[in-house]
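Trainee: Letter 252 of the sequence shown, counting from 1, is numbered 251 in numbering that gives the first Met the number 0, and no numbers are missing. Cβ coordinates follow ideal geometry from the N, Cα and C atoms, glycine included. I am attaching a structure below and will ask some questions about it afterwards.
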Amino acid sequence: MNPLLTSRLNDTVAKIPFDSTGTTGSCDTIKVNYIENIKPIMTKYCTSCHSTALNLGGYDLSTYAGTVIPGKSGKLLGSVMHAVGFIAMPSASQYISTCEVNAIKSWIAQSYLLDSIGSTDTTKIVNPILTPAGINTCNPDTVYFASQILPLLVSTCAMSGCHDEKSRKDGVVMTDYVNSMKTVKAGDPKNSELYKSLIDKDPEDRMPMAPIPPFNQTQIELVSKWITQGAKNNACTNTIASNCVISNMSFSKDVLPIFISNCNGCHLQTYISNGSLMNSILQNGKAAPMPKNAYKLNSCSIATIQAWIIKGALNN
């Protein structure tokens with residue numbers, strides 16, 4: 000953690016009237032992990048405001064990956080300690096116990112352990128509603144919900160006023176696997192409401208609705224293939240490929256397809272100029288992580304976008 004931040008937090012400790020609850024011998028902070036120790040604290044104090052459905056401030060503290068972000072930036076500890084320069088949490092007049100503060104401190108110091116086994120692999124943790132059956136090396140013949148289908152749905156259909164958690168237009172939510180499957184008949188695209196809405200010619204029934212552009216043929220075929228393959232709650236991850244070329248590229252050929260697949264409903268130009276776009280796709284805690292509710296872009300996609308921005312974000 001930043002030494003200046005550590006100093007600020009240490010200076011704050013003696014000034015805070017922490018609740019003494021949990022400071023007896025039962026308060027064990029020797030080995031702390033997210034599932035057993037940190038998640039209960041987040042559920043108790045934080046997720047009523049900072050969740051997938053209501054991520055105030057851009058933070059979702061109902062998931063491991065979402066909690067790690069303010070943990071690494073120092074904002075989580077600074078807020079619960081009511082340190083100067085941080086927004087006091089759970090509120091200006093409410094403190095968590097000394098034991099709970101120490102648990103968070105230990106979790107950070109021990110490199111954000113996920114479970115008692117000692118896992119710290121954030122790429123395997125997403126929205127608990129998603130929970131893919133397994134993460135494998137990507138197979139080019141397989142369509143993956145987490146990295147290919149969910150980003151499309153979230154960036155086009157799960158928009159405010161349509162099918163996000165709050166709006167629930169026509170009772171449909173498209174923010175996660177469980178809810179999305181209510182519109183899908185696995186193995187049968189033609190009888191799946193999701194697929195039928197994508198190919199509907201009636202502008203009143205076609206999804207996504209204007210002004211969001213309709214899915215192109217490639218995207219429609221991708222959804223169809225995913226359903227045909229069983230509409231699995233699957234995921235994959237690849238390290239940067241040896242054939243990832245980021246020189247002599249163009250926006251239309253190399254960058255636009257990434258945006259179309261992951262950010263179709265977003266307005267990008269402002270985010271490019273102020274640096275938020277790169278911070279979001281890097282998921283470094285400096286901006287709301289994107290793609291929303293989905294896996295981080297693969298290394299090649301990130302490198303491609305970064306190189307494009309460095310060269311002036313040309314529309315070529």
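1) Rounded to a whole number of angstroms, what is the C-alpha to C-alpha distance between residue 198 and residue 219?
2) Is the number of C-beta pairs between the segment 281 to 291 and the segment 227 to 237 that are closer than 8 angstroms three or more?
3) So for residue 87, helix, strand or coil by DSSP?
4) Going by other Cβ atoms of all chains shown within 10 Å of its Cβ, with 16 needed for buried, is residue 147 buried or exposed?
5) Judging by CA-CA distance, which residue of 202, 49, 93 and 184 is the nearest neighbour of residue 81?
6) For residue 207, I'd like the list of residues in its chain whose CB is within less than 6 angstroms of its CB, leaving aside the five on either flank, ordered along the chain.
7) Short of 6 angstroms in beta carbon distance, which residues of its chain neighbour residue 196, apart from the five on each side in sequence? Order them along the chain.
8) Under a three-way DSSP split, which group does residue 218 fall into?
9) Under a three-way DSSP split, which group does residue 234 fall into?
10) Counting only runs of 4+ residues fully inside the segment 21 to 62, write out the alpha helix (DSSP H) ranges in chain order.
11) Where do the ends of the alpha helix (DSSP H) carrying residue 76 lie?
12) Per DSSP, residue 93 forms a beta bridge with which residues?
13) Given this structure, state the Cα-to-Cα distance separating residue 209 from residue 277, to the nearest angstrom.
14) Please report the Cβ distance between residue 41 and residue 72, rounded to the nearest whole angstrom; I am assuming they are in contact, meaning their Cβ atoms lie under 8 angstroms.
15) Taking all protein chains shown into account, decide if residue 20 is buried (16 or more other Cβ within 10 angstroms of its Cβ) or exposed.
Mentor: Looking at the coordinates:
1) 8 angstroms
2) no
3) coil
4) buried
5) 93
6) 155 and 156
7) 206
8) helix
9) strand
10) 38 to 44
11) 74 to 79
12) 90
13) 27 angstroms
14) Residue 41 to residue 72, Cβ: 16 angstroms. No contact.
15) Residue confidence for residue 20 is low, a pLDDT of 40 falling below 50, so the modelled location carries little weight; the figure read from the coordinates is stated next. Result: exposed.
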